[in-house]
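Peer 1:
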Amino acid sequence: MSEITNPNLETLISADAIRARVKELGAQISHDYAGRNPLLIGVLKGAFMFLSDLMRAIEIPLGIEFIAISSYGAEMRTSGEVRILKDLDVAIEGRHILVVEDIVDTGLTLSYLLANLKSRGAETVKLAALLDKYERREKDVPIDYLGFQIPDKFVVGYGLDFAERYRNLPYIAVLKNPEEAQLGLPMKAASPQG
Ligand code: IMP
């Protein structure tokens, strides 16, 4: 069965629409960060595909880093506590940081991460997010470069997963029936964020 034509998926944002929007964001970032050698920090795993396309749409010198964070399910939702599973390999003091994230949902993860990066002495910390599920926001997070606002639906593809599946889709889709998607997949109670 092809994952790309899986009938349990309904296309929300096509590959062409993503490509066009990423190109626009790249042009804007190239303009805004000219002469500042920004460091793009991708939040693993979900943002890897967005970061990969976005950096190719940026024409100025830049660096990339990755960070992996975990959530604690319901606990994290209330406390906003996030654990860093894989930290940056470099110091970021004085750097212009652009965090690259797949989706902002409640905003709890990002508000923790942005504050954490600021506390390390970065000169500026801004956020590029592909998707904004704005209806679910609990903590206000300013998104400096946004791909698309989306409704309160669970989405997969273009790096985003459901139980580690669907990251390879070249488009963003709504999962019509999560129970069906789960069939035959090994599920873990707690897994790393995104
Ligand atoms: P927040 O702290 O609630 O904003 O959580 C953001 C993270 O939740 C994202 O980085 C994703 O890993 C995950 N997430 C939220 N909504 C979705 C979705 O619709 N599909 C896949 N992952 C999601």
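Using my numbering, the first residue of the sequence shown is number 44, and each one after it goes up by one.
Each residue gets a CB set at the ideal place from its N, CA and C atoms; glycine is no exception.
On a predicted model such as this, the values are computed, not experimentally measured, just so you know.
Quick check: is any heavy atom of ligand 1 less than 8 Å from the C-beta of ASP187?
Peer 2: Outside the cutoff, so no.
Peer 1: May I ask whether a heavy atom of ligand 1 can be found less than 8 Å away from the beta carbon of PHE205?
Peer 2: Because some heavy atom of ligand 1 lies under 8 Å away, the Cβ of PHE205 counts as near it: yes.
Peer 1: Skipping 5 residues on each side, what residues in its chain have a beta carbon closer than 7 Å to that of ILE47?
Peer 2: Result list for ILE47: LEU212, in chain order.
Peer 1: For ligand 1, is there a heavy atom less than 8 Å away from the beta-carbon of GLU124?
Peer 2: False, no ligand heavy atom lies under 8 Å from that Cβ.
Peer 1: Could you pull the DSSP bridge partners for TYR188 from this structure?
Peer 2: ALA171.
Peer 1: Grouping DSSP H, G and I as helix and E and B as strand, with all else coil, what is LYS231?
Peer 2: Low per-residue confidence applies at LYS231: pLDDT is 49, beneath 50, and the placement is therefore not dependable, though the value from the model is reported in the following sentence. Of the three classes helix, strand and coil, the one that applies to LYS231 here is coil, per DSSP.
Peer 1: When you compare the CB positions of GLU144 and ALA90, do they come within less than 9 Å of one another, or not?
Peer 2: Result yes, Cβ atoms of GLU144 and ALA90 sit closer than 9 Å.
Peer 1: Identify whether VAL133 lies in helix, strand or coil by the three-state DSSP scheme.
Peer 2: DSSP places VAL133 in coil when its eight states are reduced to three.
Peer 1: Residues bridged to HIS139 by DSSP?
Peer 2: Per DSSP, THR167.
Peer 1: Put GLU223 into one of helix, strand or coil per three-state DSSP.
Peer 2: Looking at GLU223 - three-state DSSP - the assignment turns out to be helix.
Peer 1: Shorter than 8 Å, the distance from the beta carbon of PHE93 to the closest heavy atom of ligand 1, or not?
Peer 2: Checking every heavy atom of ligand 1 against the Cβ of PHE93, none is found closer than 8 Å.
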